[in-house]
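Participant: Got a structure for you, written out below as structure tokens; questions coming shortly.
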Amino acid sequence: MKTHQCKDYNEVSETAAEWLLQKVKKNPVGKIGIATGNSPLEMYRSIAKKGSEYTKSLSLFQLDEWVGLSENQRSCKSYIEKEVRIPWGISAERTYYFSPTSNLIGKIQAANSVVSMQKALDEKGPLDILILGMGKNGHLGFIEPSEKWPSNPCYVSQLAPSTQNHTMILSEQTQPTIGVTLGIKSILEAKEILFIVTGTGKTDAYTKWLTKEITPTLPASILWKHPKVTLITDL
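Note that our numbering has the sequence shown beginning at 521, numbered continuously upward.
What follows is the structure, given as structure tokens:
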């Protein structure tokens, strides 16, 4: 594992942007797994300013999505459209979402969406680069802490209380209790992983992660099994 220790969020974002841009220049038709949230946000914006001419032929795959949002603007898909796909000049045809046309409403639609996404990954994959952050409870995407590891493919996840209070959905009258997510299979099959760890409230989880104990109670620990992870952090 390669580690870049940064002094603050701005340095994390610029270091990550430079790392990813160099990879994209070498493989401009690569397949990229896209995380949402605050951790990678300024990296995405930096790449849009510096190197969008190199990103137009990439394919994007959504990492996770909420189920049951009242408004589309708070969805992970909306975030990717606004901050990545459109600014990076990537066509809709090269972008793979759990639900391409609308919000995921209920369990049946969610169950169908994970089958569809796994099929796309099996046909198009593996991912060349998977971008991941770590939640305050150590989750990856919506792979939440548990007593046992989930099944390998994409699946419908029961969201932890801390995830239900995420800033992305705080304005929802009723916070989603389930989500859909890429599974362990897609994480471990990705050729490279960019792991961005930054933000308040993550020190305890990060400290536990540094012990290198691989346990489903800290999903991010699965990354110690991956042969090619680049960690960029200011913690």
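No residue lacks a Cβ here, since even glycine has one placed at the ideal position from N, Cα and C.
Bear in mind the structure is a predicted one, so any value in this text is a computation, not a measurement.
1. Could you check the C-alpha separation between A612 and G550 for me, to the nearest Å?
2. Can you give the Cα-Cα distance for S682 and G655, rounded to whole angstroms?
3. Assuming L660 and I707 make a contact with CB atoms under 8 angstroms, what is their CB distance in whole Å?
4. For a quick check, are the C-beta atoms of I649 and L714 less than 8 angstroms apart?
5. DSSP state of L589, grouped into three classes?
6. H525: buried (16+ other C-beta within 10 angstroms of its C-beta) or exposed?
7. Please determine, among I567, M521 and Y529, the residue with the shortest C-alpha to C-alpha distance to G719.
8. Could you check if D642 belongs to the surroundings of the ligand HEM, using beta carbon to heavy atom distance under 7 angstroms?
9. Which same chain residues, not among the five before or five after H746, have their C-beta less than 8 angstroms away from its C-beta?
10. Unbroken beta strand (DSSP E) runs of length 3 or more, entirely within the segment 529-574: which are they?
11. What is the residue span of the beta strand (DSSP E) that Q695 lies within?
12. With distance defined between alpha-carbon atoms, name the residue in N558, R565, T621 and K527 nearest to E538.
Facilitator: From the atom records:
1. Reading the sequence shown from its first residue, position 92 is the one you call residue 612. Reading the sequence shown from its first residue, position 30 is the one you call residue 550. So the two alpha carbons sit approximately 15 angstroms from each other.
2. Residue numbering aside, residue 682 sits at position 162 when the sequence shown is read from its first letter. Residue numbering aside, residue 655 sits at position 135 when the sequence shown is read from its first letter. So the two alpha carbons sit approximately 9 angstroms from each other.
3. Mapped onto the sequence shown, residue 660 falls at position 140. Mapped onto the sequence shown, residue 707 falls at position 187. By a beta-carbon distance limit of 8 angstroms, L660 contacts I707. Their separation comes to about 7 angstroms.
4. Walking along the sequence shown from the start, residue 649 turns up at place 129. Walking along the sequence shown from the start, residue 714 turns up at place 194. In contact: I649 and L714 (Cβ atoms closer than 8 angstroms).
5. On the sequence shown, position 69 is the one that residue 589 refers to. Reduced to three states, the DSSP call for L589 is coil.
6. Numbered from its first residue, the sequence shown carries residue 525 at position 5. One point to set straight first is that residue 525 is Gln, not His, in the sequence displayed. So Q525 counts as exposed.
7. Translated into positions along the sequence shown, residue 719 becomes position 199. Among I567, M521 and Y529, the Cα nearest to that of G719 belongs to Y529.
8. The ligand HEM is not part of the structure shown, which contains no ligands of any sort.
9. Here residue 746 refers to the residue found at position 226 when the sequence shown is read from its first residue. Excluding positions up to five away in sequence, the list reads I707, L708, A710 and I713.
10. 551-554
11. Stepping through the sequence shown from its first residue, residue 695 is reached at position 175. Element bounds for Q695: n/a, residue is neither H nor E.
12. Along the sequence shown, read from residue 1 onward, the residue named residue 538 stands at position 18. Selected option, being the one with the closest Cα: R565.
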